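Chemist: Quick one: the structure is below, questions incoming.
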Amino acid sequence: MEQNIEVKNLNVEYIISQSEKVHALREINLQIKKGESIAIVGESGCGKTTLANAFINLLPQNANIKGEVLIEGSNIISKTNKELESIRGKIIATIFQEAASALNPVFTVKQQIEETLLAHNKGMSKPGLEAAGEKLLQEAGISDVKRVYNSYPHQLSGGQQQRAMISIALSCNPEILVADEPTTALDVTVQAQIMQTLKKLKKERQLTLILITHDLHLAIETAERVIVMYAGEVMEDCSIKNEKDAFHPYTRALFELIPDLNEDKKEFMVIKGEVPDLKEVYDRCYFYGRCEYGKDKCAQKHPEIEEISKAHYLRCYFPVRK
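First residue of the sequence shown: 5, per our numbering; consecutive thereafter.
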């Protein structure tokens, strides 16, 4: 199976001032194969969205980027905005989190879909544009196509806004779809419907799907492979379907946060401690201090990520195997 995306030694720092910078991503190495369905999971601030934006070279101006992001063998980090026009949308597209913020409030859904279509298909006629746009909305699960197509974002429900965002992302037939927290601010029923739509589109269009989420339950329900991030690093990368598949203490801690609906007692769980300050670089495990399995070695030397079995990568001295 050929690779769609290969990330090599990717480091991203956000420059705050002459003396201050945030180490958002450190030494990220990944290979994502064509047709794979993967989820990138972790707490807020762990670097998930920074990684997603690095996939399309859409990081802010204060980002200092080192390393490579190869999309079908071509390093997009070194490309100009003009060169990126033939990659963004056509090869890789993103569904941005919070559709209400991502959609332009002063343009109708029709204008926003057709603008994207025209950017990559300059010869399309007006009837052709409208037919293509309405078909995209229908494919994304919109039933009241005509009304939604001619509506402004504020006239739509959260679920309809998200489906409009999916339509825009799919408008140029990308091979890779990045869904960054696609269920944010949606109620549980609509969340399930949106995820079902993404699964259906992935299968029908033979997409490579990359889901960015803080919800481990959603990740294991959606993806064949889960990449767990913490403090700008990949902690674990493997096929995870239940708690026993996960060996990193942080991944196990995330499983503890998933409520058991069969229990009478509902206790709100949290992971003790705080995420380390990413303005600093430490020669220790970044999860040390919050980890119940941590030992002296964890505090003295930073662990490297290693392949502990076939297609199971782990950054931990003392894996949990029970």
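Cβ atoms here follow ideal geometry from the backbone N, Cα and C, with glycine treated the same way. Just so you know, these numbers come straight off a predicted model, no measurement behind them.
1. Following the continuous alpha helix (DSSP H) through Glu225, name the residue where it begins and the one where it ends.
2. For Tyr234, list the residues DSSP reports as bridge partners.
3. Pick out whichever of Arg256, Tyr290, Glu179 has its Cα sitting closest to the Cα of Ile75.
4. Between which two residues does the beta strand (DSSP E) harbouring Glu185 extend?
5. Measure the C-alpha to C-alpha separation of Leu282 and Ala43 and round it to an integer number of angstroms.
6. By Cβ distance, which residues of its chain are closer than 8 Å to Leu190, with the 5 residues on each side in sequence left out?
7. With a Cβ-Cβ cutoff of 8 Å, do Tyr234 and Gly46 count as a contact?
8. Ignore the nearest five residues each way along the sequence and tell me which others in Leu107's own chain have a CB closer than 7 Å to its CB.
9. Going by DSSP, name the residue or residues bridged to Tyr317.
10. For Ser105 and Lys305, I'd like the C-alpha separation in whole angstroms.
11. Please tell me whether Leu202 and Leu174 are closer than 8 Å, where the distance is taken between their beta carbons.
12. Have a look at Glu240 and Leu29 and give me their C-alpha separation to the nearest angstrom.
13. Thinking just about the alpha-carbon of each residue, which of Arg319, Val232, Ile9, Glu119 is nearest to the one in Ile80?
14. Does Asn108 come out as helix, strand or coil in the three-state DSSP assignment?
15. Going by alpha carbons, who is nearest to Ile214 out of Phe100, Glu31, His124, His252?
16. In three-state terms, what does DSSP make of Glu3?
Modeler: Once the coordinates are examined:
1. Segment 220-226, the alpha helix (DSSP H) holding Glu225.
2. Its beta-bridge partners are Glu237.
3. The shortest C-alpha separation from Ile75 is found at Glu179.
4. For Glu185, no beta strand (DSSP E) segment is defined, and its DSSP state is neither H nor E.
5. Spanning the alpha carbons of Leu282 and Ala43 requires a straight line of approximately 23 Å.
6. If the five residues before and after Leu190 are omitted, its C-beta is found closer than 8 Å to the C-beta atoms of Gly162, Gly163, Gln166, Ile198, all from its own chain and listed in chain order.
7. Yes, the Cβ-Cβ distance between Tyr234 and Gly46 is below 8 Å.
8. These residues qualify, in order along the chain: Gln116, Pro157, Gln165, Ala168, Met169.
9. Beta-bridge partners of Tyr317 (DSSP): Asp241, Glu311.
10. Between the alpha carbons of Ser105 and Lys305 lies a gap of roughly 42 Å.
11. For the pair Leu202 and Leu174, the CB atoms are not nearer than the 8 Å cut-off.
12. Per the coordinates, the alpha-carbon of Glu240 lies some 15 Å from the alpha-carbon of Leu29.
13. If we check each option's Cα against that of Ile80, Ile9 comes out closest.
14. Coil at Asn108, not helix or strand.
15. Comparing Cα positions, the closest option is Phe100.
16. Because residue 3 is not part of the residues shown, which for the chain are 5 to 326, the question remains open.
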